[in-house]
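Heads up, the sequence shown stops at 274 in the numbering used here, and the numbers go up one at a time, no gaps. Scroll down for the structure; my scribbles are underneath it.
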Amino acid sequence: MHVKDIISLIEEYAPLKLQASFDNSGLLCGDPEREVTSVLLCIDVTEEVVEEAIAKGHDLIISHHPLIFGGLKHITPATYVERCVIKAIKHDITIYASHTNMDVVANGVSGRMANKLDLVNRQILQPEGDPLAGNGFGIIGELQHPVESMTFLQQVKEIFRCDRLRYTTPHLPTIQRVAVCGGAGASFFNRALANHADIYISGDFKYHDFFLTEKRIIIADIGHYESEQFTKEIFYEILTKKISKFAVQFSEINTNPIKYL
Numbered sequence: 014m015h016v017k018d019i020i021s022l023i024e025e026y027a028p029l030k031l032q033a034s035f036d037n038s039g040l041l042c043g044d045p046e047r048e049v050t051s052v053l054l055c056i057d058v059t060e061e062v063v064e065e066a067i068a069k070g071h072d073l074i075i076s077h078h079p080l081i082f083g084g085l086k087h088i089t090p091a092t093y094v095e096r097c098v099i100k101a102i103k104h105d106i107t108i109y110a111s112h113t114n115m116d117v118v119a120n121g122v123s124g125r126m127a128n129k130l131d132l133v134n135r136q137i138l139q140p141e142g143d144p145l146a147g148n149g150f151g152i153i154g155e156l157q158h159p160v161e162s163m164t165f166l167q168q169v170k171e172i173f174r175c176d177r178l179r180y181t182t183p184h185l186p187t188i189q190r191v192a193v194c195g196g197a198g199a200s201f202f203n204r205a206l207a208n209h210a211d212i213y214i215s216g217d218f219k220y221h222d223f224f225l226t227e228k229r230i231i232i233a234d235i236g237h238y239e240s241e242q243f244t245k246e247i248f249y250e251i252l253t254k255k256i257s258k259f260a261v262q263f264s265e266i267n268t269n270p271i272k273y274l
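Right, here's the structure in full:
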């Protein structure tokens with residue numbers, strides 16, 4: 014297998030043209046013609062992840078968040094991004110990212126969140142592009158049966174492995190209609206509200222965002238990393254479904270930069 018062959022499988026699922034204008038998904042470092050023997054999957058590329066790839070003999074890293082977001086004016090050991098690039102090039106490791114294009118497809122990041130919660134009757138929360146394509150940010154759906162509010166919040170905390178979960182006071186005795194969005198989803202709050210969600214689960218809400226609920230909806234901030242962590246599973250399924258005998262492994266590094274006491 015070559016890098017370009019593996020890339021084509023990812024982009025068949027989440028076409029690169031769907032990425033947001035600010036994004037930098039795609040091949041970030043390496044030769045698309047290079048032969049690949051094994052792949053390492055992660056959410057973020059850090060020095061520890063690159064070192065893991067070196068130690069375990071992986072020659073391709075596929076991440077959700079792009080290592081290089083803005084342009085690099087130089088490649089020196091000044092920042093972790095530049096150090097990662099230097100190490101990757103030195104050890105012939107290719108780096109690829111599938112970010113907002115994986116966010117926007119229905120069975121992408123938010124779709125995986127919905128799977129974890131067993132949501133049914135799903136719709137796209139914030140449609141993008143061609144309405145017939147069914148792409149957009151976030152998912153809104155329903156639990157098969159109403160669940161007591163605090164019980165559901167505890168389930169969310171366990172499913173998404175949250176050290177902490179920030180939420181607004183539950184004003185409803187039960188929850189059934191649920192909106193989710195991977196990553197920083199605060200900007201789609203009004204969409205969740207307009208679609209009559211009982212709860213909106215996402216990450217990166219600001220302090221004043223929590224005042225906007227006015228007892229109309231519950232906000233549950235599970236964290237940016239926590240909401241996107243299962244994206245690695247999507248990469249794994251895409252690759253192993255098409256290449257059954259190919260070495261694909263999850264990174265053992267927790268790249269969440271936020272720690273809690």
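The beta carbon of each residue, even a glycine, is placed where N, CA and C say it ideally should be.
Handout entry: For isoleucine 188: DSSP bridge partner residues
Key = In the sequence shown, residue 188 corresponds to position 175, counting from 1. Its beta-bridge partners are Val160.
Exercise for the section: Name the one or two DSSP bridge partners that valine 133 has. Expected result: The residue labelled residue 133 in the question sits at position 120 within the sequence shown. Answer is Glu155, bridged to valine 133.
Exercise for the section: Specify, as a first and last residue, the run of the beta strand (DSSP E) that phenylalanine 202 falls within. Expected result: The residue labelled residue 202 in the question sits at position 189 within the sequence shown. That residue, phenylalanine 202, is in no beta strand (DSSP E); its alpha helix (DSSP H) goes 202 to 207.
Problem - beta strand (DSSP E) segments (min. 3 residues) lying fully within the region 217 to 241 - result: 231 to 234
Exercise for the section: Report all residues from its chain with a CB closer than 7 Å to the CB of isoleucine 88; omit the five preceding and five following residues, and keep chain order. Expected result: Counted from its first residue, the sequence shown places residue 88 at position 75. Glu95, Val98 and Ile99, listed in sequence order.
Practice task
Label proline 186 either buried or exposed according to how many other C-beta atoms from any shown protein chain fall within 10 Å of its C-beta, with 16 as the threshold for buried.
Solution key: For the purposes of this step, residue 186 is identified with residue 173 of the sequence shown, where counting begins at 1. Per the 10 Å Cβ criterion, exposed.
Practice task
Could you tell me which of Gln168, Asp36, Val62 and Val49 sits nearest to glycine 83, measuring between CA atoms?
Solution key: Against the sequence shown, residue 83 aligns to sequence position 70. Residue Asp36 is the option with its Cα nearest to glycine 83.
Handout entry: Length of the line joining the Cα atoms of glutamate 65 and cysteine 55
Key = Along the sequence shown, one-based indexing puts residue 65 at 52. Along the sequence shown, one-based indexing puts residue 55 at 42. Taking the straight line joining both Cα atoms gives about 11 Å.
Problem - Beta-bridge pairing of phenylalanine 263 - partner residues as DSSP gives them - result: Position 250 of the sequence shown, counted from the first residue, corresponds to residue 263. The partner list for phenylalanine 263 (beta bridge, DSSP) reads Leu54.
Practice task
Please look up how many angstroms separate the CB atoms of serine 111 and histidine 77, rounded, as I've assumed it's under 8 Å.
Solution key: Here residue 111 corresponds to residue number 98 of the sequence shown, with the count starting at 1. Here residue 77 corresponds to residue number 64 of the sequence shown, with the count starting at 1. Going by Cβ atoms, the distance from serine 111 to histidine 77 rounds to 7 Å, so yes, they are a contact pair.
Exercise for the section: Compute the Euclidean distance between the alpha carbons of leucine 145 and aspartate 116, then round it to the nearest angstrom. Expected result: As a working note, residue 145 is residue 132 in the sequence shown. As a working note, residue 116 is residue 103 in the sequence shown. For leucine 145 and aspartate 116, the distance between alpha carbons rounds to 17 Å.
Problem - Nearest candidate by alpha-carbon position, reference asparagine 267, set Glu60, Lys258 and Phe259 - result: In the sequence shown, residue 267 corresponds to position 254, counting from 1. Per the Cα distances, Glu60.
Exercise for the section: Let me know the alpha helix (DSSP H) ranges lying completely inside the region 48 to 112, each 4 residues or longer, listed in chain order. Expected result: 60 to 69 and 93 to 103
Exercise for the section: For phenylalanine 150, write down the residues that DSSP places opposite it in a beta bridge. Expected result: Residue 150 sits at position 137 when you count from the first residue of the sequence shown. BP columns for phenylalanine 150 point to Gln139.
Practice task
Could you please give me the residues that DSSP links to isoleucine 214 through a beta bridge?
Solution key: Within the sequence shown, the letter at position 201 stands for residue 214. Paired residue(s): Val193 and Ala233.
Exercise for the section: Below 8 Å CB to CB, which residues in the same chain sit around glutamine 136 once its five sequence neighbours on both sides are set aside? Expected result: Counting from one through the sequence shown, the residue named residue 136 turns up at place 123. These residues qualify, in order along the chain: Ile152, Ile153, Gly154 and Asn208.
Handout entry: Outcome for proline 90 when other beta-carbon atoms lying within 10 angstroms are tallied against a minimum of 16
Key = Counting from one through the sequence shown, the residue named residue 90 turns up at place 77. Exposed, because fewer than 16 other Cβ atoms sit within 10 Å of the Cβ of proline 90.
Problem - Proximity winner among Lys255, Ile212 and Ala197, relative to glutamate 241 (alpha-carbon distances) - result: Position 228 of the sequence shown, counting from 1, holds the residue named residue 241. Answer by Cα proximity: Ala197.
Exercise for the section: Would you mind sorting threonine 244 into buried or exposed? The rule is 16 or more other CB atoms within 10 Å of its CB. Expected result: Residue 244 sits at position 231 when you count from the first residue of the sequence shown. That one is buried.
Problem - First and last residue of the uninterrupted alpha helix (DSSP H) at leucine 22 - result: Your numbering for residue 22 matches position 9 in the sequence shown. It spans 16 to 26 - the alpha helix (DSSP H) in which leucine 22 sits, taken as one unbroken run.
Handout entry: For tyrosine 180, the three-state DSSP class (helix, strand or coil)
Key = As a position in the sequence shown, residue 180 is number 167, starting the count at 1. Strand at tyrosine 180.
Problem - N- and C-terminal bounds of the beta strand (DSSP E) containing leucine 41 - result: The sequence position of residue 41 within the sequence shown is 28, counting from 1. Residues 39 to 42.
Handout entry: Proximity to alanine 192 [Cα-Cα], best of Ile230, Ile81 and Thr181
Key = The residue labelled residue 192 in the question sits at position 179 within the sequence shown. It is Ile230 whose Cα lies nearest to the Cα of alanine 192.
Problem - CA-to-CA distance, glutamate 141 to tyrosine 109, given in whole angstroms - result: Within the sequence shown, residue 109 is the residue found at index 96, counting from 1. Within the sequence shown, residue 141 is the residue found at index 128, counting from 1. Taking the straight line joining both Cα atoms gives about 24 Å.
Problem - Whether arginine 47 touches threonine 113 by CB criterion (8 Å) - result: The residue given as residue 47 occupies position 34 in the sequence shown. The residue given as residue 113 occupies position 100 in the sequence shown. Not a contact, by the Cβ cut-off of 8 Å.
Problem - Three-state class that DSSP yields for leucine 31 in the structure shown - result: Working through the sequence shown from its first residue, we reach residue 31 at position 18. DSSP places leucine 31 in helix when its eight states are reduced to three.
Handout entry: Inter-residue Cα distance where the pair is phenylalanine 223 and lysine 69
Key = Translated into positions along the sequence shown, residue 223 becomes position 210. Translated into positions along the sequence shown, residue 69 becomes position 56. Those two C-alpha atoms are separated by around 44 Å.
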